[in-house]
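Enquirer:
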Amino acid sequence: MDDKTEKKSLIPKMTNFGKWLVLILLAFILIWPLSAGLYWTVYRAYTLVDPTRFRDLDANVEALLKSTTPESEAPRKGAALLASIRNRLEQEMDSTFGWSINDLIISPTRWLDNRANRQRGSIFATRMMTTFFSTNLAKYGKVDKENENLKEAREKYFAFTSDSWWFPSSENQYEKGIAELKQYEADLLKSDSGAIYNLRTDDMYNMLEFIIGKQFLDEPLGLLVQSNDQVPYTELDDHIYYTQGIILVLRDALRTFVHLYPEVQEKGGKENISIAFKEMDQICSFDPLIVLRGDHDSIMADHRGKVARYLISIRERINDLAQSIKS
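My numbering applies: residue -13 is where the sequence shown begins, and numbers increase by one.
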């Protein structure tokens, strides 16, 4: 009897605190996989309603490429190129939840910040590409007058703030800008309209240099290469999806440009542009469940750094393509 009592006393009794600690640990072990699974299920269901990955070229651009060939007349090529530039902005406006940057704070869509930042990138890139087109390709010389439709679109409508809900709304202004572009495209196809499209070899080079320059791709790259201690954790995904919006516009425009002017792929340009498009596809389909900020030898992924590497590769390949045109 004494031996049994002695053996029992060797086993320490668990305190109430210890019991609660064990219960909390067990709950954590069981609950977090369930929570993660629930989050994944809800998010994937959301992506069925409002796509977040864009692996393939948009159907509208695919149709453009089929209807316009390298042998098409210059005005038709110009109309197709400009249509590819405005395409992404139209897709964002016509998406499931529309233009959500300017939604009121009481609206659930106001909190969909990934799509909002993608839309910010889309209007930025549309504005920049339209500006280059208007000031370089839609006239015969630098001192010539700009096309009124393009000038109105870039200076008045696309320059409008992206978060105005009313008086006037951002959507209203952007729709007017798109209408101005469409009017120019229609005028191009009329022989007596006076609309001009004049793309020369030096314009091809200048456009590629503009794309990789300080005004365009260097802007999102600067956001992606900041050190982690300079970027709040809540802003990590903002920079990624902003870059995605820019690349979605650029991919549409460059795909159309290369299709209409296959001569740019000569002198080794074909391999460079192929790699650039592959990297663009990676950014356009980039949508991790949770954006992480792994630093140095951290076990966590560095998602912002990964997108930066894709973007740097795109810049280098486009630069090589530009140099092959110049030589």
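Don't be surprised by glycine CBs; every beta carbon is placed ideally from N, CA and C. Fair warning: this is a prediction, and the values are worked out from it, not measured in the lab.
Would DSSP call R72 helix, strand or coil?
Expert: The sequence position of residue 72 within the sequence shown is 86, counting from 1. Helix.
Enquirer: In chain order, what residues of the same chain lie with their CB nearer than 6 Å to the CB of D273, ignoring the 5 residues before and after it?
Expert: Locating residue 273 in the sequence shown gives position 287, counting from the first residue. Spatial neighbours of D273 in its own chain (CB-CB distance under 6 Å, excluding positions within 5 residues in sequence) are listed in chain order as T38 and R39.
Enquirer: With 16 other CB atoms within 10 Å as the buried threshold, where does G4 fall?
Expert: As a first step, residue 4 must be located in the sequence shown, where it is residue number 18. The residue in question, G4, is exposed, as its Cβ has fewer than 16 Cβ neighbours within 10 Å.
Enquirer: Given R62, which residues of its chain have a CB within under 8 Å of its CB, disregarding the five upstream and five downstream residues?
Expert: For this step, residue 62 is matched to residue 76 along the sequence shown. T54, L174 and L175.
Enquirer: Quick one: grab the DSSP three-state call for D306.
Expert: Taking the first residue of the sequence shown as position 1, residue 306 is located at position 320. Helix, per DSSP.
Enquirer: Once you ignore the five residues that flank K125 on each side, which residues in its own chain have a CB closer than 6 Å to its CB?
Expert: Locating residue 125 in the sequence shown gives position 139, where the first residue counts as 1. These residues qualify, in order along the chain: I182.
Enquirer: Nearest CA to the CA of G84: which residue from I91, R101, L68 and A69?
Expert: For this step, residue 84 is matched to residue 98 along the sequence shown. For the residues I91, R101, L68 and A69, the minimum Cα distance to G84 belongs to R101.
Enquirer: Grab the span of the alpha helix (DSSP H) containing R241 for me, first residue to last.
Expert: Translated into the one-based positions of the sequence shown, residue 241 becomes position 255. It spans L222 to L246 - the alpha helix (DSSP H) in which R241 sits, taken as one unbroken run.
Enquirer: Helix, strand or coil, according to DSSP, for M(-13) in the structure here?
Expert: Working through the sequence shown from its first residue, we reach residue -13 at position 1. Residue placement at M(-13) is flagged as unreliable, the pLDDT there being 49, under the threshold of 50; a coordinate-derived value is accordingly withheld.
Enquirer: With DSSP collapsed to three states, give me the class of R106.
Expert: In the sequence shown, residue 106 corresponds to position 120, counting from 1. In this structure, R106 counts as helix in the three-state DSSP scheme.
Enquirer: In this structure, does DSSP put R140 in helix, strand or coil?
Expert: Position 154 of the sequence shown, counted from the first residue, corresponds to residue 140. The answer is helix: DSSP assigns R140 an H, G or I state.
Enquirer: In whole angstroms, what separates the C-alpha of V47 from that of L11?
Expert: In the sequence shown, counting from the first residue as 1, residue 47 sits at position 61. In the sequence shown, counting from the first residue as 1, residue 11 sits at position 25. Cα-Cα distance, rounded: 53 Å.
Enquirer: Excluding the five sequence neighbours on either side, which residues of its own chain have a C-beta within less than 7 Å of the C-beta of A66, listed in chain order?
Expert: For the purposes of this step, residue 66 is taken as the residue at position 80 of the sequence shown. The residues are L50, T54, T242 and L246.
Enquirer: With 16 as the cutoff for other CB atoms within 10 Å, does Y296 come out buried or exposed?
Expert: Residue numbering aside, residue 296 sits at position 310 when the sequence shown is read from its first letter. With 16 or more other Cβ atoms within 10 Å, it is buried.
Enquirer: Please report how far the alpha carbon of G280 lies from the alpha carbon of A22, in whole angstroms.
Expert: To locate residue 280, count along the sequence shown from 1; it is residue 294. To locate residue 22, count along the sequence shown from 1; it is residue 36. Spanning the two alpha carbons is a distance of roughly 20 Å.
Enquirer: Give me the Cβ distance between R96 and S86, rounded to the nearest whole Å; I'm assuming they're in contact under 8 Å.
Expert: Position 110 of the sequence shown, counting from 1, holds the residue named residue 96. Position 100 of the sequence shown, counting from 1, holds the residue named residue 86. Sure, about 7 Å apart at Cβ, within 8 Å.
Enquirer: Is I198 near R301, with beta carbons less than 8 Å apart?
Expert: The residue you call residue 198 lines up with position 212 of the sequence shown. The residue you call residue 301 lines up with position 315 of the sequence shown. Taking 8 Å as the Cβ cut-off, I198 and R301 qualify as a contacting pair.
Enquirer: In the DSSP assignment, what residue or residues form a beta bridge with R279?
Expert: For the purposes of this step, residue 279 is identified with residue 293 of the sequence shown, where counting begins at 1. R279 pairs with D288.
Enquirer: Mind checking M321: buried by the 16 CB within 10 Å criterion, or exposed?
Expert: Nothing about residue 321 can be read from this structure; the chain reaches only from -13 to 313.
Enquirer: Hey, could you find the ends of the alpha helix (DSSP H) G23 is sitting in?
Expert: Taking the first residue of the sequence shown as position 1, residue 23 is located at position 37. If you look at G23, you'll find it in the alpha helix (DSSP H) that goes N2 to V35.
Enquirer: In whole angstroms, what is the alpha-carbon distance linking D224 and Q230?
Expert: Counting from one through the sequence shown, the residue named residue 224 turns up at place 238. Counting from one through the sequence shown, the residue named residue 230 turns up at place 244. Straight-line Cα distance between these residues: approximately 10 Å.
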